[in-house]
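Student: So that we are looking at the same thing, I have put the structure below in structure tokens.
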Amino acid sequence: MLPCFTCGATLLNAFPDNENQPQDGTEFRTYGHYGSTFWDSFDGEELVLNICDACLERGKQRLAQHKRFRPIKTYKLGMVGKQWVDRPMVHYTGNRDDGSITVEPEELGEAIGSRVEWPDNIQELRTYAEGLE
Ligand SMILES: [Zn+2]
23 MLPCFTCGAT LLNAFPDNEN QPQDGTEFRT YGHYGSTFWD SFDGEELVLN
73 ICDACLERGK QRLAQHKRFR PIKTYKLGMV GKQWVDRPMV HYTGNRDDGS
123 ITVEPEELGE AIGSRVEWPD NIQELRTYAE GLE
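Following my numbering, the numbering of the sequence shown begins with 23 at its first residue and continues without gaps.
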């Protein structure tokens with residue numbers, strides 16, 4: 023749907039049924055920010071742009087990264103929740119903070135720590151995960 027915002031390259035959809043899932047690129051969305059004179063939406067409308075991987079690589083010295091949560095996983099299901107963390111935004115290093123928490127199926131939906139967020143269907147996932155054991 024959208025070309026690369028920076029170089030204009032055509033980006034194919036990674037999944038044809040998705041509206042905007044760029045192959046070899048990343049989609050960015052924002053409601054805007056106070057301070058922008060271009061886009062600061064208060065009506066729920068997002069600004070959307072794609073940037074191809076080559077342009078991100080070329081401009082990585084102007085990027086930052088910000089770890090927002092640690093994934094909570096089970097051995098057989100993968101990510102099933104989040105633990106929100108307070109980390110500073112840092113200049114892009116390319117080093118991923120892969121810190122995660124692995125729990126047993128019977129711990130899904132339980133109070134296992136502070137700032138833990140489970141999806142609405144966590145009891146359904148718990149039952150499914152327990153059945154996989
Ligand atoms: Zn590009």
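Ideal placement from N, C-alpha and C gives every residue a C-beta, glycine not left out.
Please find out if some non-hydrogen atom of ligand 1 comes closer than 8 Å to the beta-carbon of Thr28.
Tutor: Yes; taking the cut-off as 8 Å, the Cβ of Thr28 has a heavy atom of ligand 1 nearer than that.
Student: Could you check where the alpha helix (DSSP H) with Gly153 kicks off and where it finishes?
Tutor: That run of the alpha helix (DSSP H) goes 144–154.
Student: With the cut-off set at 9 Å, would you say Asp123 and Gln145 are in Cβ contact?
Tutor: Per the sequence shown, residue 123 should be read as Ile rather than Asp. No. Outside cutoff.
Student: Assuming Ile22 and Phe27 form a contact by the criterion Cβ under 8 Å, report the distance between their Cβ atoms to the nearest whole angstrom.
Tutor: What is shown of the chain runs 23 to 155, which leaves residue 22 out entirely.
Student: Which two residues bound the contiguous alpha helix (DSSP H) that contains Cys77?
Tutor: Here the alpha helix (DSSP H) through Cys77 covers 75–80.
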